[in-house]
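Residue 4 is where the sequence shown starts when you use the numbering used here, and the numbers rise one by one after that.
Backbone N, C-alpha and C fix where the C-beta goes; we use that ideal spot for every residue, glycine too.
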Amino acid sequence: MNLVRKPARSLAVAAVAVSLVSAAACSSTKSGGSDTGSSGGKVTIGLVTKTNSNPYFVRLRASAQAEAKRKGAHLVALAGKFDGDNQGQVDAINNLVAQHVNGILITPSSSKGVLGAIAAARSRGILVIALDTATDPADAVDATFATDNEAAGVTEGKYVHAALGSAAPNVLLLDGTPGSSVDDLRHDGFLQGFGITAKAPAVKGTAVTNGDQTKAQTAMENLLQRDPGANAVYTINEPAAAGAAQALAGKPAAGKVVIGSIDGSCTGVRNVRSGRFAATVMQFPTKMATMGVDAVVTYAASKAKPSGFVNTGSQLITDKAVAGVPSKDTAWGLKNCWG
Numbered sequence: 004m005n006l007v008r009k010p011a012r013s014l015a016v017a018a019v020a021v022s023l024v025s026a027a028a029c030s031s032t033k034s035g036g037s038d039t040g041s042s043g044g045k046v047t048i049g050l051v052t053k054t055n056s057n058p059y060f061v062r063l064r065a066s067a068q069a070e071a072k073r074k075g076a077h078l079v080a081l082a083g084k085f086d087g088d089n090q091g092q093v094d095a096i097n098n099l100v101a102q103h104v105n106g107i108l109i110t111p112s113s114s115k116g117v118l119g120a121i122a123a124a125r126s127r128g129i130l131v132i133a134l135d136t137a138t139d140p141a142d143a144v145d146a147t148f149a150t151d152n153e154a155a156g157v158t159e160g161k162y163v164h165a166a167l168g169s170a171a172p173n174v175l176l177l178d179g180t181p182g183s184s185v186d187d188l189r190h191d192g193f194l195q196g197f198g199i200t201a202k203a204p205a206v207k208g209t210a211v212t213n214g215d216q217t218k219a220q221t222a223m224e225n226l227l228q229r230d231p232g233a234n235a236v237y238t239i240n241e242p243a244a245a246g247a248a249q250a251l252a253g254k255p256a257a258g259k260v261v262i263g264s265i266d267g268s269c270t271g272v273r274n275v276r277s278g279r280f281a282a283t284v285m286q287f288p289t290k291m292a293t294m295g296v297d298a299v300v301t302y303a304a305s306k307a308k309p310s311g312f313v314n315t316g317s318q319l320i321t322d323k324a325v326a327g328v329p330s331k332d333t334a335w336g337l338k339n340c341w342g
């Protein structure tokens, strides 16, 4: 399982009552079948993402839809209204349980906040797989298909540190959403890879961005006012990196600040090619979604369940390679990117 931590398993999971919520509670996309969830006898799969707007989750949803269609399954896709909308995701799970789905694929906004709803779903014989983001504890779901997020953070940190060369580091940290295992693992991994701690003098500021470009830009502007000498930036994802780059646009420091990120979208790779970011760590959401759909279809046919953590891989993308950190260039990145 590489560098991914195994959260404590002492947390008691309380089951919650299952209730059908209105369609207005969360956005929905269906790939065939009826609105009642009967789906004409097809295998029915629920997908719950953090949002419908982040390009990463747009691609994950589209990939799940394509694989469900290829397998002759029925997909019901729901999402929170924003990154961190735990109640929206709980409502979505309850909705899917009421529709008698065979399996639920979820990217939890809160690694602990959805545990009760997941427990209720599993008690009814529904297979639950976490995609992209692990629950806490990890065994609250049947399996997790995701990037090794701590390893991705370590790669980002190693690269950003090496790219600074002999310059004394002045680091800003643009985090995602508190309570998300992805946020914690990438943040901690970055610090480990960079070779510092959160309280090190080199860390000049930290801000929550929810992985949103506008919030990240505002956060970066505020941090730069307090410490204009920043020369290295950790970002939770590429929208946050784009916000950081926009905050630097037109400033004397622009082009001298090493911005690292994680995602691997085609837009992100183009930002690396243009020099807005120094590097990004590519993830493979299509692989996650395809494996998740296939697992539910297999479960519906044979009751065979996947288990544990499955690392779907990652790859550093940069046109400025550094010694000791394996990478691919943006030409490779544009052939393998998503979005």
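Quickly, what does DSSP pair residue i with across the bridge? List them, please.
i, result
"Met285", "Asp266, Gln318"
"Ile109", "Val51, Ala133"
"Trp341", "Ser268"
"Ala235", "Val174, Val261"
"Val117", "DSSP lists no partner for Val117."
Label residue i either buried or exposed according to how many other C-beta atoms from any shown protein chain fall within 10 Å of its C-beta, with 16 as the threshold for buried.
i, result
"Pro181", "exposed"
"Thr200", "exposed"
"Ala245", "buried"
"Pro172", "buried"
"Lys259", "exposed"
"Gly278", "exposed"
"Gln220", "buried"
"Asn225", "exposed"
"Lys74", "buried"
"Gly271", "buried"
"Asp230", "exposed"
"Gly336", "buried"
"Ser126", "exposed"
"Ala334", "exposed"
"Gly179", "buried"
"Gly44", "exposed"
"Pro343", "Given a span of 4 to 342 for the chain in the structure shown, any question on residue 343 remains unanswerable."
"Thr217", "exposed"
"Gly106", "buried"
"Pro329", "exposed"
Specify the secondary structure class of residue i as computed by DSSP and reduced to three states.
i, result
"His77", "strand"
"Phe148", "strand"
"Phe1", "Past the edges of the chain, shown from 4 to 342, lies residue 1, and the structure says nothing about it."
"Ala82", "strand"
"Gly91", "helix"
"Lys331", "strand"
"Gly311", "strand"
"Ala326", "coil"
"Gln228", "helix"
"Val104", "coil"
"Arg276", "helix"
"Arg125", "helix"
"Asn240", "coil"
"Lys218", "helix"
"Val46", "coil"
"Thr138", "coil"
"Gly253", "coil"
"Lys72", "helix"
Does residue i get closer than 9 Å to chain B when you measure Cβ to Cβ?
i, result
"Ala80", "You won't find chain B in this structure, because it holds only one protein chain."
> Can you list, in chain order, the stretches of the alpha helix (DSSP H) that have 4 or more residues and sit fully within the stretch 151 to 214?
Replying inline: 152 to 166, 184 to 197
> Using 8 Å as the threshold, is the stretch 139 to 151 in touch with the stretch 306 to 317, meaning 3 or more CB pairs across them?
Replying inline: yes
> Is there contact between the stretch 287 to 300 and the stretch 203 to 222, where contact requires at least three CB pairs shorter than 8 Å?
Replying inline: no
>> I'd like to know if the stretch 135 to 149 and the stretch 72 to 86 are in contact, where contact means that at least 3 CB-CB pairs between them fall below 8 Å.
In response: no
> Are three or more beta carbon pairs between the stretch 247 to 264 and the stretch 102 to 121 nearer than 8 Å?
Replying inline: no
> Taking one C-beta from the stretch 259 to 269 and one from the stretch 162 to 170 each time, how about it: are there three or more such pairs within less than 8 Å?
Replying inline: yes
> So, do the stretch 191 to 200 and the stretch 156 to 165 have three or more beta carbon pairs nearer to each other than 8 Å?
Replying inline: yes
> Is the stretch 90 to 98 touching the stretch 63 to 70 in the sense that three or more CB pairs, one from each, lie closer than 8 Å?
Replying inline: no
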